[in-house]
Amino acid sequence: MVFIFFTAGRKRIHEPSRYRALVREMKSEKARPPQDLIHEARQLKDPYYTSLALFSLSADPRLSLQEAYDIALDAVRAACDVPRLWRRAELLTTLARKMKSWRGDGAAEKREHLMDALLESVVAMPDGKDLSDAIAGCVSRLGCSRVKPLLERALSNTGFEDAGAKAVIRRWVHHCGSPEAVQGDIMTVLNAVDNRAVRSKLMGYLHLQLRRTGAILRDDRTPLHDAVSEALSINDGEQQMETFRYLAKTVSAADDVRILKNAVDNLESLSSRAKIITALAGSADRAELREAAITLFTEALHTSAEVENQRERALIRMNAALGLARCQQMELAQRAYRAALDDCGENARLRNRICRSMEEHGLLPPEECDAVPRNRPHEKTVDDVRAIRHMLALYNTYEGGITPVHLRAIARAAPLCIAFGMDLVLIGFPIDDTDKLVAYVTGDTNIGRDGKYLEELARQGRVVLAARTVPELWDTLGMPVATTSHPEEEKKIVMSEAIRLARLHHPLQRACIIMGLGKKGLPHLLLKEIPHHLELTGKNVSLETCTAMGVIAQQVHDAQMLADGKSG
């Protein structure tokens, strides 16, 4: 086996390929001495690949433990020279993952020292989203002795506290001690946070994670008690309402509903009170507390009657009606929708939105809905209808930063979207910049013509990055359709019907077909919220990610052709 890195007359060498070739040679029978390989690794121009190469080569069994440790430490130091912070965050996460099993049981002490060095590299990163990504990516690999400094650094990352801190809290609660001890230690750190809203939300998140462990919490002193106390002390009305609405999402037990409801009753703003009660009711419904949910939706309606702003009143009533319909309280929902329509006045757009919501839940809209423009396909030209692009949505269920799994899935989805005329939506992916995403894919995979299809898709503005908390009515994306091998019978739909309903009822006349990226598919709560479920095979067979993407693309194309009156 011959490994050639420098070729006469060749001016540019692909550094990822050089790094991989060095690692392959180390594992081969004809490998050169480790010092030669390490020397070549140090010659790499990109510190990203220098770091990866050095760390991989430090596993060479021909090296002594001290030699291997020194080289691995150099790899961690080289990571700090990566200028683009998002790449540095990704690299530190990769090193943390590799470090967990570095050189086996005989290297435990040296491995701990390496983890300390990696921790220093993470906390030394500048404030920003990339620091948050690095913390979230590394926390599960650095051991329980390092969760406290990681949480403290996440909380000092002003403006980006949430994601990093949540990842650390989640790890600390589920893997680092008894719930009782963990609660006290984390609360001590959270109480030092200056921002009251951040403090309140993270206390609520801690409470949610403790609930998920099955821990028995003292009814008189849970983190949620402290969270609502902090929220009530927030002076800014908008910030206070936003904090309470977040806390409402953490509800998972009847006691939580009671604690939060008692706090909300102390709010002066009737509008805020009604909105938060509606959000709390939705969370109670998702937690399968059906009776509590119905009671809260009904109370929100009563409270809304005293809200002076007509548009706000209409929206509160519409959202309460939507919740009641999901709870199968159709008569109450119909009356609430009717009251919401009465509040619309001359606001045709709001009226149209309410009418669409009624139709989606099988409620017959009043006669005045017929007079509202519905944006039906026959009002558009044939070319307009054919130009509609439905959406393939990948819903990320992994924790931490961008990984090769993400990159490969995106690279494989892009050519399908180009070929079958779909747009690509990435929901909950740990990245907020499309250019950065394209750089990731084109630099690290040769799938899809080295990522060129994704580049083309992005250039056309057909790649959308969305948060996991997507718009409730999906107005900006498309009519949501969740793919699952076990659809709820009452929500089950075929692709042709999904495309037809999207054209009839969605303001953009397009469907957003959502599939989960991860071993467990789409989360249960998301499946519960989405009104349409699509089973792709007709036989309840679970498909691998790439296969499912291809089936979706073909079925959307066929359904579109059928809707256009053409044969495939």
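The numbering used here numbers the first residue of the sequence shown as -13 and each following residue consecutively. Just so you know, even glycine gets a beta-carbon here, dropped at the ideal spot from N, CA and C.
In the DSSP assignment, the alpha helix (DSSP H) including residue i goes from what residue to what residue?
| i | result |
| --- | --- |
| leucine 410 | Segment 409 to 413 is the beta strand (DSSP E) holding leucine 410; no alpha helix (DSSP H) there. |
| proline 19 | Proline 19 -> no alpha helix (DSSP H), and no H or E assigned at all. |
| methionine 12 | 1 to 13 |
| asparagine 248 | 240 to 250 |
| valine 179 | It is not in any alpha helix (DSSP H) - valine 179 carries neither H nor E in the DSSP assignment. |
| alanine 452 | From DSSP, alanine 452 is part of no alpha helix (DSSP H) but of the beta strand (DSSP E) over 449 to 452. |
| methionine 85 | 71 to 85 |
| threonine 36 | 33 to 43 |
| leucine 513 | 510 to 515 |
| glutamine 29 | First-last for glutamine 29: undefined, no H or E at that position. |
| glutamine 540 | 531 to 549 |
| methionine 344 | 334 to 346 |
| proline 135 | 133 to 141 |
| proline 112 | Note, proline 112: premise wrong, no alpha helix (DSSP H); not H, not E. |
| arginine 398 | 390 to 406 |
| tryptophan 158 | 147 to 161 |
| glycine 309 | 296 to 312 |
| threonine 144 | It is not in any alpha helix (DSSP H) - threonine 144 carries neither H nor E in the DSSP assignment. |
| threonine 289 | 276 to 290 |
| arginine 63 | 51 to 65 |
Among the options, which one has its Cα closest to the Cα of residue i?
| i | options | result |
| --- | --- | --- |
| lysine 438 | Ile404, Ser219, Ile417 and Asp409 | Ile404 |
| glutamine 21 | Arg6, Leu30, Leu43 and Ser3 | Leu43 |
| arginine 394 | Leu51, Arg435 and Met408 | Arg435 |
| leucine 81 | Glu95, Val237, Leu128 and Gly348 | Leu128 |
| glutamate 476 | Leu520, Ala488 and Gly502 | Leu520 |
| leucine 310 | Ile280, Arg297, Arg337 and Glu285 | Ile280 |
| lysine 115 | Thr264, Ala149 and Arg297 | Ala149 |
| arginine 454 | Gly414, Val424, Leu443 and Gly429 | Gly414 |
| alanine 140 | Glu292, Ala153 and Ala201 | Ala153 |
| alanine 267 | Asn333, Lys134 and Thr284 | Thr284 |
| glutamine 226 | Glu346, Glu442 and Glu254 | Glu254 |
| alanine 444 | His491, Leu423, Ser258 and Lys187 | Leu423 |
| tyrosine 79 | Ala325, Tyr34, Val159 and Thr462 | The sequence shown places threonine at residue 79, not tyrosine. Among Ala325, Tyr34, Val159 and Thr462, the Cα nearest to that of threonine 79 is on Tyr34. |
| glutamate 15 | Ser37, Ala39, Pro47 and His25 | Pro47 |
Give the range of the beta strand (DSSP E) segment to which residue i is assigned.
| i | result |
| --- | --- |
| glycine 502 | 497 to 503 |
| threonine 469 | 465 to 469 |
| asparagine 382 | 377 to 382 |
Nearest-angstrom Cα distance between residue i and residue j?
| i | j | result |
| --- | --- | --- |
| proline 466 | alanine 27 | 48 angstroms |
| phenylalanine 146 | leucine 210 | 22 angstroms |
| alanine 549 | tryptophan 460 | 22 angstroms |
| arginine 4 | arginine 198 | 46 angstroms |
| isoleucine 155 | glutamine 315 | 38 angstroms |
| tyrosine 191 | leucine 233 | 8 angstroms |
| aspartate 370 | valine 411 | Interpretation of aspartate 370 is limited by its pLDDT of 38, a score under 50 that renders its predicted location unreliable; the figure taken from the coordinates is listed afterwards. So the alpha carbons of these two residues sit roughly 22 angstroms apart. |
| alanine 260 | leucine 282 | 9 angstroms |
| arginine 362 | leucine 336 | Residue placement at arginine 362 is flagged as unreliable, the pLDDT there being 39, under the threshold of 50; the coordinate-derived value follows with that caveat. Spanning the two alpha carbons is a distance of roughly 17 angstroms. |
| glutamine 29 | histidine 0 | 13 angstroms |
| alanine 45 | leucine 77 | 17 angstroms |
| aspartate 67 | valine 527 | 47 angstroms |
| glutamine 540 | leucine 327 | 40 angstroms |
| threonine 174 | glutamate 95 | 30 angstroms |
| alanine 452 | glycine 331 | 33 angstroms |
| glycine 407 | arginine 375 | 6 angstroms |
| arginine 18 | lysine 84 | 23 angstroms |
| valine 537 | threonine 531 | 10 angstroms |
| arginine 372 | arginine 486 | No answer about arginine 372 holds up, because its pLDDT of 38 lies below 50 and its placement is not dependable. |
| leucine 440 | lysine 247 | 47 angstroms |
| glycine 92 | alanine 54 | 12 angstroms |
| leucine 287 | isoleucine 302 | 7 angstroms |
| asparagine 177 | leucine 71 | 30 angstroms |
| isoleucine 57 | asparagine 143 | 31 angstroms |
Between residue i and residue j, how many whole angstroms is the CB-CB distance? I'm expecting something under 8 angstroms.
| i | j | result |
| --- | --- | --- |
| alanine 596 | alanine 300 | Shown here, the chain extends from -13 to 554; a query on residue 596 therefore has no answer. |
| alanine 399 | leucine 378 | 6 angstroms |
| leucine 194 | glutamine 169 | At roughly 12 angstroms, the Cβ-Cβ gap does not stay under 8 angstroms, so leucine 194 and glutamine 169 are not in contact. |
| methionine 535 | leucine 402 | 6 angstroms |
| aspartate 119 | alanine 75 | 4 angstroms |
| serine 257 | asparagine 295 | 7 angstroms |
| alanine 488 | glutamine 495 | 6 angstroms |
| arginine 231 | isoleucine 262 | 6 angstroms |
Is the Cβ of residue i closer than 8 angstroms to any Cβ of chain D?
| i | result |
| --- | --- |
| tyrosine 232 | Protein chains in the displayed structure number just one, and chain D is not present. |
Using 7 angstroms as the cut-off, classify the Cβ of residue i as near or not near the heavy atoms of the ligand ATP, replying yes or no.
| i | result |
| --- | --- |
| glycine 348 | Among the components of this structure there are no ligands whatsoever, and the ligand ATP is therefore not found. |
**Study point:** Any 3 or more C-beta pairs closer than 8 angstroms across the stretch 534 to 547 and the stretch 503 to 511
**Key:** no
Practice item. Answer yes if the stretch 61 to 70 comes into contact with the stretch 99 to 112, meaning at least three C-beta pairs across the two stretches below 8 angstroms, and no otherwise. Key: yes
Review point. Does the stretch 120 to 131 come within contact of the stretch 378 to 392, defined as at least 3 CB pairs closer than 8 angstroms?
Key: yes
Review point. Is there contact here, the stretch 466 to 480 with the stretch 337 to 355, by at least three beta-carbon pairs under 8 angstroms?
Key: Output reads no: the stretch 337 to 355 does not touch the stretch 466 to 480.
Review point. If we count Cβ pairs, one from each stretch, closer than 8 angstroms, do we get three or more for the stretch 264 to 279 versus the stretch 231 to 251?
Key: yes
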